[in-house]
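Heads up: the protein sequence lines correspond to chains A and B, in order.
Going by the working numbering, the first residue of the first sequence is number 1, and it counts up by one from there.
Going by the working numbering, the first residue of the second sequence is number 1, and it counts up by one from there.
Think of the CB as a built atom: it goes at the ideal place given N, C-alpha and C, for glycine as much as any other residue.
2 protein chains.
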Amino acid sequence: MATMTAAQRNARKKAQSKASYDAFLAVCPSRKLLDRISDKWVTLILCALGGGDEPRSLRYSELSRILAGVSQKMLTQTLRSLERDGLLTRTATPTVPVTVSYELTDLGLSLQQMVRGLKQWAETNMDDVLENRAAHDARTA
Amino acid sequence: MATMTAAQRNARKKAQSKASYDAFLAVCPSRKLLDRISDKWVTLILCALGGGDEPRSLRYSELSRILAGVSQKMLTQTLRSLERDGLLTRTATPTVPVTVSYELTDLGLSLQQMVRGLKQWAETNMDDVLENRAAHDARTA
DNA sequence: CAGGATCCCGCTAGATACTG
DNA sequence: CAGTATCTAGCGGGATCCTG
Numbered sequence: 001m002a003t004m005t006a007a008q009r010n011a012r013k014k015a016q017s018k019a020s021y022d023a024f025l026a027v028c029p030s031r032k033l034l035d036r037i038s039d040k041w042v043t044l045i046l047c048a049l050g051g052g053d054e055p056r057s058l059r060y061s062e063l064s065r066i067l068a069g070v071s072q073k074m075l076t077q078t079l080r081s082l083e084r085d086g087l088l089t090r091t092a093t094p095t096v097p098v099t100v101s102y103e104l105t106d107l108g109l110s111l112q113q114m115v116r117g118l119k120q121w122a123e124t125n126m127d128d129v130l131e132n133r134a135a136h137d138a139r140t141a
Numbered sequence: 001m002a003t004m005t006a007a008q009r010n011a012r013k014k015a016q017s018k019a020s021y022d023a024f025l026a027v028c029p030s031r032k033l034l035d036r037i038s039d040k041w042v043t044l045i046l047c048a049l050g051g052g053d054e055p056r057s058l059r060y061s062e063l064s065r066i067l068a069g070v071s072q073k074m075l076t077q078t079l080r081s082l083e084r085d086g087l088l089t090r091t092a093t094p095t096v097p098v099t100v101s102y103e104l105t106d107l108g109l110s111l112q113q114m115v116r117g118l119k120q121w122a123e124t125n126m127d128d129v130l131e132n133r134a135a136h137d138a139r140t141a
C-alpha cells in the first residue's frame with residue numbers, strides 16, 4: 001500500500017464512500033447534506049452561476065438581482081454555506097468599494113448539473129401540476 | 001383552431017409554458033413548485049418508490065421503514081401533497097385492516113429521475129464536502 | 001458595494017395521544 | 001395498519017438598522 005499514488009487512494013476512498021453513505025438512514029451524514037442541497041436558494045444560486053450554457057462568475061449584487069426577492073440574509077447565508085462546503089469560491093477584490101464575485105468549483109458544477117434539471121422540471125411541468133391540483137381539489141371538494 | 005386535436009392543443013400549451021415560467025422570478029408559480037420539490041422527504045419518497053431499478057408500489061408502513069426516522073406527520077403530509085400534485089397515486093384496498101399502497105405516476109417518475117441524482121450526489125460527494133468543511137473551518141478558526 | 005448584527009414573527013417539524 | 005388531531009418548542013426567514 002505504500003506505493004499507492006494519491007489518485008489511487010482517492011479512487012479507493014470514493015469506492016468506499018459509495019457503499020458507506022445512505023441518505024435513507026436517519027443518522028447518515030448524507031441525509032443532512034441532502035437536506036442542505038434540497039433548498040430553493042441553493043438551486044437558484046447554482047443555476048445562476050452555472051449560467052444557461054457556460055459557468056460564469058457573478059457579483060453579490062448581480063446574484064441578488066437574478067434571484068428576485070431573495071433577502072440579503074438568505075443570500076449571504078446560503079453563499080457562506082456553499083463556500084464552506086466547497087461548492088463555490090468567494091473572491092474579494094480590494095477596490096473601493098470592495099468587489100466580491102462568486103464562482104462555481106468543479107464540485108459545485110457537478111451539483112449544478114443535477115439541480116438545473118430540477119428547476120427546468122418545475123418550469124416545464126408547472127401546467128400539469130396546476131391541472132392535477134385543480135382536478136384533485138374538485139374531486140375532494 | 002376548431003379542428004385542433006387534443007394532442008395538438010396539449011403540445012401547444014407545453015410550448016407556451018416553457019417560455020412563460022421562470023423560477024428566478026419571485027412571483028412565478030414555478031418558484032413555489034421548486035420550493036416544494038426541493039425537499040428532503042420528497043426526494044426520499046420518490047427515490048423509494050422509484051426503486052433501485054424498476055418503479056415499485058409501496059405501502060405506508062414500508063415507506064416509513066425505508067425513510068428511517070420520518071414522523072407519521074411528515075410522511076402523511078408529504079404523500080398527500082405529492083398525490084395532489086399528481087406525482088403519485090394512493091390506492092386503498094378495503095381489507096381489515098385497510099391496506100394502502102403508493103405508486104409513482106408518469107409525472108412522478110420523470111421527477112424521480114432528477115431527485116435520484118441529487119440523492120446519489122449527496123452520497124457520492126459526502127467525503128469531499130466533509131474535507132472541504134474541515135479545511136474551511138481550520139482556515140477561518 | 002457587500003455584507004454584519006438584531007429583533008421578531010410565523011409556521012412547521014416533531015412528539016404525543018387517539019381512532020376507524 | 002394507516003392514519004388524524006393537538007400542542008409546543010424551535011428556527012427559518014424577513015425586516016430593519018448599521019458598517020468597512
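Residue pairing by DSSP places Glu103 of chain A opposite A:Thr89 in a beta bridge. Annotation for Tyr21 of chain A: Cys28, Pro29 and Ser30 place their beta carbon closer than 8 Å to its own, counting only its chain and skipping 5 residues before and after. Val115 of chain A counts as buried, since at least 16 other C-beta atoms from the protein chains shown sit within 10 angstroms of its C-beta. By the Cβ rule, the segment 94–105 of chain A counts as touching the segment 56–75 of chain A, because three or more pairs are nearer than 8 Å. Nearest neighbour of Leu25 of chain B by Cα position, chosen from A:Lys119, A:Asp128, A:Ala138 and A:Leu34, turns out to be A:Lys119. Interface with chain B (8 Å Cβ-Cβ cutoff): Tyr21 of chain A is included. The secondary-structure analysis by DSSP pairs Leu58 of chain A across a beta bridge with A:Tyr102.
Around the CB of Lys40 of chain A, 16 or more other CB atoms lie within 10 Å, so the residue is classed as buried. The shortest C-alpha to C-alpha distance from Gln77 of chain A to any of A:Leu49, A:Ile45 and A:Thr95 is the one to A:Ile45.
Look at the segment 53–69 of chain B: the residues with a C-beta under 7 Å from a C-beta of chain A are Ile66, Leu67, Ala68 and Gly69. For Ala26 of chain B, no alpha helix (DSSP H) segment is defined, and its DSSP state is neither H nor E. Apart from the 5 residues on each side of it in sequence, Val70 of chain A sits with its Cβ closer than 7 Å to the Cβ of Trp41 and Ser64 in its chain, given in chain order.
Around the beta carbon of Gln112 of chain B, a 10 Å sphere encloses 16 or more other beta carbons of the protein chains shown; the residue is thus reported as buried. Inclusion of Leu79 of chain A and Leu104 of chain A in the CB contact set at 8 Å is not warranted, their separation being larger than that value.
Within the segment 66–91 of chain A, contact with chain B at the beta-carbon level (separation under 9 Å) is assigned to Ile66, Leu67, Ala68, Gly69, Val70, Glu83, Arg84, Asp85, Gly86 and Leu87.
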